[in-house]
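Quick notes on the structure that follows.
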């Protein structure tokens, strides 16, 4: 798949690292960048503290309390509009095709908002700031990856991202999710110098055909022009994710493709 439209979510209080990563990837492949800024949760018009007095004192205090909430929300909106304009100006200065939007959604709706946006993009970038945000990260990742069915590129903090990887590790377990991930990454795999298909504790074939583990997917990728090798790994009590991550480091892989 060619990546012509890339989606990126950033929090209002995040650094520009995730945005810089997404912009760099778009510049690398000539893609359009759609940025969604998620501001802090909307202020709730809560009741004044119980210890406040009653009567005339409360009659004065309650409107003042409401006014303070409204004023703070207004300041947040102004700040977000300014940040949105700054981001758009910065991306335009990089000669990128882009759009920047802000969504004041309820925290419970974050996943659905992210899903809807991801459906109309070829790839979603999840950077380190978003990944480490305990409030925004989980619903955004769930919405974009599990609910939209579209590919997500996760870029841990400090990692170097590229859409032209030289060495790629494919985590293969013969499941639908792994097959979908491989299909979405075919253009990257075909262009890579090396593709390593890694299988953790592969189960023996029981259909009587006796095909070697990983042979089918290796042949499939080879027909698409990829240069493929197959590694069979033992978990030794570790999780598959841990084993694959370590093998990626050992083989100097630039990217892991898995579902």
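Residue numbers (our numbering): 1073 to 1331.
From the three backbone atoms N, C-alpha and C, an ideal C-beta is built for every residue, glycine too.
Note that the coordinates shown come from a computational prediction; the quantities given were computed from them, not determined experimentally.
- By the criterion of a C-beta distance shorter than 8 Å, residue 1238 is surrounded in its chain by 1264, 1265, 1266, 1326, once the five residues flanking it on both sides are discounted.
- Between residue 1182 and residue 1215, the gap from beta carbon to beta carbon is short of 8 Å.
- Its chain contains 1272 as the residues whose beta carbon lies nearer than 6 Å to that of residue 1312, once the 5 sequence neighbours on both sides are disregarded; these appear in chain order.
- In this chain, the alpha helix (DSSP H) harbouring residue 1251 covers 1248-1256.
- When secondary structure is reduced to three states using DSSP, residue 1196 falls in the strand class.
- About 14 Å separates the Cβ atoms of residue 1227 and residue 1329, ruling out a contact at the 8 Å cut-off.
- DSSP links residue 1303 through a beta bridge to 1270.
- Fewer than three Cβ pairs drawn from the region 1178-1194 and the region 1151-1166 lie within less than 8 Å of each other, which leaves the two stretches out of contact.
- Scanning its chain for C-beta atoms nearer than 6 Å, with the 5 sequence neighbours on each side dropped, one finds around residue 1101 the residues 1075, 1235, in chain order.
- Cβ-Cβ separation between residue 1166 and residue 1109: approximately 17 Å, too far for a contact (criterion under 8 Å).
- The C-beta distance from residue 1196 to residue 1179 rounds to 19 Å, too long to fall under 8 Å, and the pair is not in contact.
- Rounded to whole angstroms, the separation of the alpha carbons of residue 1291 and residue 1089 is 39 Å.
- Looking at the DSSP output, residue 1177 shares a beta bridge with no other residue.
- Secondary structure of residue 1171 (DSSP, three-state): strand.
- Counting along the chain, the unbroken alpha helix (DSSP H) around residue 1097 starts and ends at 1089-1101.
- Around residue 1229, the same chain offers 1089, 1199, 1200, 1201, 1203, 1204 as residues with beta carbons nearer than 8 Å, after the five sequence neighbours per side are excluded.
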